[in-house]
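Numbering-wise (our numbering), the sequence shown opens with residue 328 and increments by one.
The beta carbon of each residue, even a glycine, is placed where N, CA and C say it ideally should be.
Note that the coordinates shown come from a computational prediction; the quantities given were computed from them, not determined experimentally.
This report concerns only the one structure given below.
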Amino acid sequence: MNSVLIITGGNINIEFARKYVEGNEFSHVIAVDGGLLAAENMGIIPDLIVGDFDTVSPLLLYKYEKTEGVNIIRYRLEKDFSDTYIAVKKAIELDCFSIRILGGTGTRLDHTIANIQLMQYALENGIDAQIISEKNRIRLLGLKRREIVLKKEKGIYSYKYVSMIPVSEKVTNVNTTGMKYNVNDYTFYINKHVSIGISNEILEDYASIKIGDGNLLVIESND
């Protein structure tokens, strides 16, 4: 089974990203436009490079055009989909079971929100997608993934807070264990409970979140 790493534009801490990649195995690496520079700085040669290439150095792109085993797909600047959406679509076509995205968040709030929504697209295809940085790990529960186990970790994964945010009209039968504030068969309503799940903490070695129906955004953060 395949696990795909996508390195896209946004804020990427190269030291964190390098440690993360060293601690995980990926069958394919996709670099997205300006994310190619981050891949270069991490010493990673991607299998696939996609984008309209409006934010990547032409000289850097030329280097990989001459690199054996690297496939490059160029898209028009005027298109209906973002570069990161294209990368996620390509990852799904690889019949992967998980997608991990480095980058994807930063000063462009519109891109950040769109990239978070891409996890819904992945989940609809039965794929666990996460956006990961030294500050946050972002996941989505719903559809085919209704439960996760969180480990109280040290090192690069030592996120202090866990927040649960409803992104559907309601999220039913929410149950948590191992946290400072646990809930049992709780229903989050998007028009009432957007902030009630913010800044929880893991107290036990392991914590869990399980839902019934709906979509729940789970964000671990240490900032």
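- [ ] Report the rounded CA-to-CA distance for S409 versus N398, giving the unit in angstroms.
- [x] 19 Å
TODO: Going by CA-CA distance only, name the one from L404, V331, S526 and K519 that's closest to E420.
DONE: Just measuring C-alpha positions, the residue of L404, V331, S526 and K519 sitting nearest E420 is V331.
Task: Residues bridged to E346 [DSSP beta-bridge criterion] - done: Just to set this straight, residue 346 is Lys in the shown sequence, not Glu. Paired residue(s): none; K346 is not in a bridge.
Open item on the list: According to DSSP, is P385 part of a helix, a strand, or is it coil?
Closed with: P385 falls in the helix class under three-state DSSP.
Open item on the list: Closest to E474 by C-alpha separation, out of N351, T503 and I517, would be which residue?
Closed with: In this structure, T503 is the residue among N351, T503 and I517 with its C-alpha nearest to the C-alpha of E474.
Open item on the list: Just to confirm the assignment: which complete alpha helix (DSSP H) runs, minimum length 4, are found wholly within the stretch 408 to 457?
Closed with: 410 to 420 and 436 to 451
Open item on the list: Suppose contacts are defined by Cβ-Cβ distances below 8 Å. Is V377 in contact with A414 by that definition?
Closed with: yes
TODO: Please name the residue in K519, M506 and T514 whose C-alpha comes closest to that of A534.
DONE: M506
Task: Beta-carbon spacing of N463, I546 below 8 Å - done: Result yes, Cβ atoms of N463 and I546 sit closer than 8 Å.
Task: Beta-carbon contacts of Q447 that lie in its chain and below 7 Å, excluding the five residues immediately before and after - done: Once the five neighbours on either side are set aside, the close Cβ partners of Q447 are L467 and N542.
Task: Of the residues L470, T394, T439 and I459, the one placed nearest N452, counting alpha carbons only - done: L470
Open item on the list: V494 and Y513 - do their beta-carbons sit closer together than 8 Å?
Closed with: no
Open item on the list: Helix, strand or coil, according to DSSP, for G362 in the structure here?
Closed with: Of the three classes helix, strand and coil, the one that applies to G362 here is helix, per DSSP.
- [ ] Whole angstroms is fine: what's the gap from T411's alpha carbon to H438's?
- [x] T411 and H438 have their alpha carbons spaced roughly 9 Å apart.
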